[in-house]
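Quick mapping for you: the protein sequence lines, in order, are chains A and B.
All the letters of the first sequence, read from the start, carry residue numbers 1 to 315 under this note's numbering.
All the letters of the second sequence, read from the start, carry residue numbers 1 to 315 under this note's numbering.
Quick notes on the structure that follows.
Protein chains: 2
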Amino acid sequence: MSEPAGAHQWVAVDWGTSNVRAWGIGAGGEIVWSRSSDRGMGRLSAADYPAVLTELLAAAATERPAPVEVLICGMAGARQGWREAPYLEAPAALDRLLLSAVRPETDGTPFDVRILPGICQKTPGGEDVMRGEETQLLGLLALRPEFSGTVCMPGTHSKWVQLEGGRVVGFATAMTGELYEAIGSHTVIRHALGGDHAVPASEAGLEAGLEAGLGAPERLSSLLFRTRAAALLAGRQPDWCSGYLSGLLVGAEIAGYRDRIDAGPLPLVGSPRLCRLYARAVARAGGQTAVIDATEATIAGLIAARKQLGIGGAA
Amino acid sequence: MSEPAGAHQWVAVDWGTSNVRAWGIGAGGEIVWSRSSDRGMGRLSAADYPAVLTELLAAAATERPAPVEVLICGMAGARQGWREAPYLEAPAALDRLLLSAVRPETDGTPFDVRILPGICQKTPGGEDVMRGEETQLLGLLALRPEFSGTVCMPGTHSKWVQLEGGRVVGFATAMTGELYEAIGSHTVIRHALGGDHAVPASEAGLEAGLEAGLGAPERLSSLLFRTRAAALLAGRQPDWCSGYLSGLLVGAEIAGYRDRIDAGPLPLVGSPRLCRLYARAVARAGGQTAVIDATEATIAGLIAARKQLGIGGAA
């Protein structure tokens with residue numbers, strides 16, 4: 001390789017709603033640097049992106065002659081993002097992501113940018129969307145090429161995906177993480193959490209919540225109120241209540257998809273903290289899990305996507 | 001009767017979290033006037049109550065010589081209300097409410113005030129509380145003395161109550177109304193409602209939501225996200241999405257209690273608007289309902305409670 005040690009050949013970017021993360025990728029697919037900022041899609045208008053990218057990649061732009069190749073997944077491709085990358089419709093082949101990427105205006109910056117599409121599902125009554133997870137799924141297949149079956153992707157909006165032969169054949173989103181925030185901050189349950197939805201969870205509370213949610217997911221709305229009543233009547237402290245609320249919502253999610261949990265280990269793609277909690281819930285439901293770090297899956301997916309036109313072969 | 005026509009003998013008050021309503025009750029149990037204000041418990045500290053009551057009952061206080069007898073149910077008896085009226089513990093006999101009332105300090109105002117208690121349930125894992133509904137249940141029994149069985153009380157915090165022989169033997173709270181507000185205002189679903197969670201609901205949206213919630217209550221967290229996806233992908237308008245969200249939450253609540261719906265009509269105690277929606281959901285689940293207006297039940301309950309020491313017999 002002709003590159004100096006540590007030099008990147010291109011830049012991989014995960015542009016989420018709240019944050020943006022960038023990795024310099026070397027000629028052998030290795031990560032040579034990483035940067036991040038809180039300039040997520042939620043805070044930007046379309047015209048802001050070139051300047052934000054310039055700031056984020058300031059060092060990268062001077063290290064190599066222009067243009068710097070940048071491949072982006074996530075919310076930068078949403079309608080309210082930089083430039084809309086229209087959804088592929090499920091069933092969708094993951095080896096076609098790059099073919100459907102869009103190239104936004106870069107306003108004279110030295111970047112050659114592509115944004116990968118998300119995937120939608122238009123089944124009446126089963127409408128759903130993902131942006132970013134499709135890239136993690138491609139990464140999962142890069143790490144485990146033969147995988148077919150259900151994948152669980154815990155998060156603010158958890159995804160339950162059916163993968164078959166390299167295609168997303170169907171999926172559903174559970175709003176578990178966002179429900180935790182909204183219920184913990186904006187209902188009477190906030191009093192049980194001591195006014196702070198980010199209070200650490202106790203083990204005992206988590207266990208009680210998992211048991212309740214796994215046992216009667218169809219009564220979620222009642223089981224939620226018990227968070228408040230347990231604080232009033234049984235003296236439960238904020239850490240117990242936080243654990244109960246968290247365990248309850250995750251337990252109910254897992255119970256709702258119990259029919260997808262079979263003998264083989266269920267891949268969990270997410271943050272280590274969330275995956276630990278989901279693994280516990282799946283184990284209580286009688287299943288096994290295999291944890292894949294979401295960041296690792298994202299980077300593997302961006303690397304795999306870049307190879308889809310053969311442009312990664314030059315190294 | 002020696003009273004002038006239209007004069008009250010005592011004052012019945014329902015002091016809720018958001019509002020307070022008062023009714024002058026004549027010697028024959030008839031309502032001779034009513035007043036209300038938005039000075040609910042949520043906006044008051046304990047010291048505020050005498051002045052608020054004085055303002056609310058200004059005319060009443062001058063019509064008759066002091067003291068003016070006032071009987072209150074609801075959140076004025078909460079720990080954060082005027083004076084705590086400790087909960088009766090279920091199983092709880094509704095003919096003992098007045099015996100457990102408390103008398104708050106009235107600071108020289110011409111009011112002789114009692115506040116009725118709520119009911120709690122301390123079963124481990126089934127902790128729950130009510131304040132105000134116990135008085136409506138007493139009113140239900142005044143209107144239908146022989147009733148035993150399940151009662152559904154739709155509201156911000158819906159109650160599902162087992163009544164037997166004039167006693168509350170058990171109950172559970174579903175946070176349906178509050179979930180609608182929190183989810184419609186503080187999650188990604190607010191975009192589907194056009195930024196206004198109070199948007200009117202369309203019939204088609206309600207029907208779709210009821211069907212989804214009744215069909216798969218254990219997947220509530222996923223069915224919720226479809227509100228957003230249906231707006232993005234199927235062009236659903238805010239009125240459809242509002243109806244779907246409302247129908248989904250009510251349908252899931254009803255489905256969670258399907259085992260309580262049997263051959264006899266299920267009493268629904270609530271506002272006419274909510275009772276219509278719940279009646280529709282129960283009918284779809286194969287049950288029948290009998291609607292009792294919540295205000296009527298509250299007044300009947302306060303009148304019945306006042307008779308519990310025989311003090312109503314003087315008329």
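C-beta atoms are modelled at their ideal positions from N, C-alpha and C, and glycine is treated no differently.
These numbers were taken from a predicted model, which means no experiment stands behind them.
Rounded to the nearest angstrom, the Cβ distance from R83 of chain B to V68 of chain B is 18 angstroms, too far for a contact under 8 angstroms. Burial check for T123 of chain B: the Cβ neighbour count within 10 Å stays below 16, so the residue is exposed. The segment 78–145 of chain A is shown to contain whole beta strand (DSSP E) runs of 3 or more residues at 111–115, 119–121 and 128–130, in chain order. It is roughly 15 angstroms from the alpha-carbon of S222 of chain A to the alpha-carbon of V250 of chain A. Contact of P200 of chain A with chain B is not assigned, every C-beta pair being separated by 8 angstroms or more. Contact between T156 of chain B and E178 of chain B is confirmed by a C-beta separation of about 5 angstroms, below the 8 angstroms threshold. Under the three-state reduction of DSSP output, E69 of chain B falls in the strand class.
Between the alpha carbons of L56 of chain A and E133 of chain A lies a distance of about 23 angstroms. Secondary-structure assignment with DSSP links K159 of chain A through a beta bridge to A:M153 and A:T173.
By the rule that beta-carbons nearer than 8 angstroms mark a contact, D128 of chain B touches chain A. DSSP, read as helix, strand or coil, puts S34 of chain A in strand. The beta strand (DSSP E) runs lying completely inside the segment 238–310 of chain A and spanning 3 residues or more are 266–270 and 289–293, given in chain order. Taking one beta carbon from each stretch, the segment 176–195 of chain B and the segment 295–308 of chain B have fewer than 3 pairs nearer than 8 angstroms; the two do not touch.
Per DSSP, the continuous alpha helix (DSSP H) segment holding V52 of chain B begins and ends at Y49 to L56. DSSP places G16 of chain B in the coil class of the three-state scheme, outside both helix and strand. Across the set A:T227, A:M130, A:L163 and A:Q237, the C-alpha of A:L163 shows the shortest separation from the C-alpha of P145 of chain A.
Under the Cβ criterion of 8 angstroms, F111 of chain B is not counted among the residues facing chain A. When beta bridges are read from the DSSP output, R21 of chain B appears opposite B:D14 and B:S36.
With respect to chain B, the C-beta atom of R131 of chain A has no partner C-beta closer than 8 angstroms. Under the three-pair Cβ rule at 8 angstroms, the segment 256–273 of chain A counts as touching the segment 285–292 of chain A. Residues of the segment 271–298 of chain B with a C-beta less than 7 angstroms from any C-beta of chain A: none at all. Look at G29 of chain A here: in three-state DSSP terms it is coil, with no helix or strand label. Judged by pairs of C-beta atoms under 8 angstroms, the segment 21–36 of chain B does not touch the segment 81–100 of chain B, as fewer than three such pairs exist.
Interface criterion met: the Cβ of C120 of chain B is under 8 angstroms from a Cβ in chain A.
It is roughly 17 angstroms from the alpha-carbon of L266 of chain B to the alpha-carbon of G165 of chain B. If you ignore the 5 residues before and after S242 of chain B, its C-beta comes within less than 6 angstroms of the C-beta of L193, V199 and A201, all in its own chain and listed in chain order.
As the crow flies, the alpha-carbon of R114 of chain A is around 24 angstroms from that of D293 of chain A. In this chain, the alpha helix (DSSP H) harbouring S222 of chain A covers L220 to A234. From the beta-carbon of A252 of chain A, the residues of chain B found nearer than 8 angstroms are E218, L220 and S221. Taking a Cβ-Cβ cut-off of 7 angstroms, the neighbours of V188 of chain B in chain A comprise E178, given in sequence order. Taking C-beta atoms under 8 angstroms as the contact rule, G247 of chain A and L224 of chain A fail to qualify, at a distance of about 12 angstroms. Taking 8 angstroms as the CB threshold, H8 of chain A stays off the interface with chain B. The three-state secondary structure of G166 of chain A, taken from DSSP, is coil.
Under the Cβ distance rule, M175 of chain B counts among the residues neighbouring chain A, one pair being separated by less than 8 angstroms. Under the DSSP assignment, H191 of chain A falls in the alpha helix (DSSP H) whose first and last residues are I189 to A192.
In the three-state reduction of the DSSP assignment, G213 of chain A falls in the helix class.
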